[in-house]
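Working notes, beginning with the structure itself.
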Amino acid sequence: MKYYSTNNLAPKVSLKEAVLSGYAPDMGLYIPERLPVIPSAFIRNMAGMSLQEISYAVANTLFGADIPSEVLHDIVYSTVNFDIPLQHLHDNVFALELFHGPSLNFKDVGTRFMARLLSHLRGSDNRTINIITATSGGSGGAIANGYYDVPGVHVYVLFPHNKLSKTLESQFTTLGKNITPIEINGSYNDCQDLVRTAFADSSLTSKMRITSANSINIARLLPQTFYYFYAYAQLSARMQSVQEVSFAIPCGNLGNLVSAVISKKMGLPTKKIIAATGPNCSLSQFLSSGFFNSFEAGRSIMPAMDVATPNNLPRLLPLFNNSLADLNNCLSTQSITEAQSVESIRKVYHEYNYILDPHSATAYYALTSSIYKDEVGIITATAHPAKSKRVIDHILNTDIDTPAALTFDNTRKCHVIKLPAIYSHLRNLLLTDA
633 MKYYSTNNLA PKVSLKEAVL SGYAPDMGLY IPERLPVIPS AFIRNMAGMS LQEISYAVAN
693 TLFGADIPSE VLHDIVYSTV NFDIPLQHLH DNVFALELFH GPSLNFKDVG TRFMARLLSH
753 LRGSDNRTIN IITATSGGSG GAIANGYYDV PGVHVYVLFP HNKLSKTLES QFTTLGKNIT
813 PIEINGSYND CQDLVRTAFA DSSLTSKMRI TSANSINIAR LLPQTFYYFY AYAQLSARMQ
873 SVQEVSFAIP CGNLGNLVSA VISKKMGLPT KKIIAATGPN CSLSQFLSSG FFNSFEAGRS
933 IMPAMDVATP NNLPRLLPLF NNSLADLNNC LSTQSITEAQ SVESIRKVYH EYNYILDPHS
993 ATAYYALTSS IYKDEVGIIT ATAHPAKSKR VIDHILNTDI DTPAALTFDN TRKCHVIKLP
1053 AIYSHLRNLL LTDA
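As numbered in my numbering, the sequence shown has no gaps in its residue numbers, which increase by one up to the final residue, 1066.
As structure tokens, this is what we get:
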């Protein structure tokens, strides 16, 4: 299969070229030339199938023309090796728990899959692959742990000064080896801008091979379709009469949202896709006009959603042949405030004895205010609530348990390089390592 750039100013490329480069030469994002459709008979018979069985079938549909089946089987079964259970909250409302991977974040699925795929595509090429990425929270730990000690890969994680909790930081700042955390004296948008500038710097890319590991990279984004099909399979096993399901998704850089859209276009019976955004996101402006203004996002208790200009916004219109009307027929969006997130956390805990993290709570609020009583809805619970323990404990006046993976050990050495939000400083560091 070929992949094309959202800017339409670069040649179509193979899967290998798309994955190894991340951005297209025209700084667009890669999209599959066509989206294959999963046979409806397979979807009807998914109930009772395992996550790995479904993931392999979807992966084979997406990548089978480019990756040998036995290699793809090994990649799927070695990376998607934890459960993603569907929990019933109440009535026809469910939560898909995406936080049972090593870093307790939904990004574990795509990151681990991409790490193995990248290793396969690299083959016998002995040049180091340098991953340059920015994080506003959970992706840093997922990416660093997914690529930790992977031969031939070096990871640079840019993160904003004084914006992440010590626990989230420690998931990628205490690893060492091939993981280099870079603390930027600026905002998350500054980090994103530095990464984009590095990819656009031909004098840098001519000296070192660089790619991305966040949802900019198509290899991180496509595997996230796996769990949407698995969610439907679990729902079908519980509710045999279900025809269509609506998904509500807490949105930051929109990778998870784009994966849901791709799943729908691949044949998943999806009624509505509801984007729950923070109050500063430009998605609603984009859906109404096809344009948006870039600005600085404020801070909230939903840090992964404090993104004003999502990376994946350019992928939305091309997926609908640049028809804004068709895009709006597929998507709706709600801007959720901190107060509404807090309201949902309290409601779900006190009425249904279930703890939502602040991001997942925005999806709950958006879903329950958007679907009718006879409709079935699933929220994507994207992070373990203990990742926001201080916030949750304050809201609920409780003391939730902390998994071992989130226990901050202040005896572990941090490996952090501090830089100003000035590209020349980042460039000098990268060239020194090259």
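By construction, the Cβ of each residue, glycine as well, lies at the ideal position given by its N, Cα and C atoms.
Where P792 is concerned, the enclosing beta strand (DSSP E) starts and stops at V785 to P792. The beta carbon of F952 lies closer than 6 Å to those of D958 and L959 in the same chain, with the five residues before and after it left out. By DSSP's assignment, P901 forms no beta bridge with any residue.
When D781, P813, R870 and L1051 are compared, the shortest CA-CA separation from G769 is found for P813. DSSP links F879 through a beta bridge to I905 and I1010. Closest option to L652, judged by alpha-carbon separation, among I842, L1062, K809 and V890: I842.
Per the C-alpha coordinates, the member of I906, L945, M937 and A907 positioned closest to N925 is L945.
The C-beta separation of V1008 from L867 comes to about 7 Å, placing the pair in contact by the 8 Å criterion. Pairing D1033 with Y636, the inter-Cα distance amounts to about 46 Å.
Taking A998 as the centre and dropping the five residues before and after it, the same chain places the C-beta of A880, I906, A908, Q966 and I968 closer than 7 Å to its C-beta, in chain order. Listed in chain order, the non-local C-beta contacts of G884 below 6 Å within the same chain comprise A936, M937 and V939, local neighbours out to five positions each way being set aside. Note on D1031: under 16 other CB atoms within 10 angstroms of its CB, so exposed under the neighbour-count rule. For L915, the uninterrupted alpha helix (DSSP H) run begins and ends at L915 to S921, by DSSP.
Between Y996 and V980, the CB-CB gap stays under 8 Å. Rounded to the nearest angstrom, the Cβ distance from Y780 to K739 is 14 Å, too far for a contact under 8 Å. Per DSSP, the continuous beta strand (DSSP E) segment holding V725 begins and ends at V725 to E729. Distance from the CA of A650 to the CA of L988, rounded to the nearest whole angstrom, comes to 36 Å. At the C-beta level, S878 and I686 stay beyond 8 Å of one another.
One Cα belongs to A691, the other to L900, and the distance between them is close to 14 Å. With a 10 Å radius around the Cβ and a threshold of 16 neighbouring Cβ atoms, A673 comes out exposed. Under a 10 Å Cβ-count criterion, F923 is classified as exposed, with fewer than 16 other Cβ atoms of the shown protein chains found around its own Cβ. Under the DSSP definition of a beta bridge, E815 partners with F791 and K1050. In the DSSP assignment, N821 falls within the unbroken alpha helix (DSSP H) covering Y820 to A832. Look at L807 here: in three-state DSSP terms it is coil, with no helix or strand label. In the DSSP assignment, N737 is bridged to A1015.
Using a Cβ-Cβ distance cut-off of 8 Å, the segment 743-763 and the segment 1014-1025 are not in contact, since fewer than three pairs of beta carbons, one from each stretch, lie closer than that value. The beta carbon of V703 sits closer than 8 Å to those of H752, all from its chain and outside the five residues before and after it, given in chain order.
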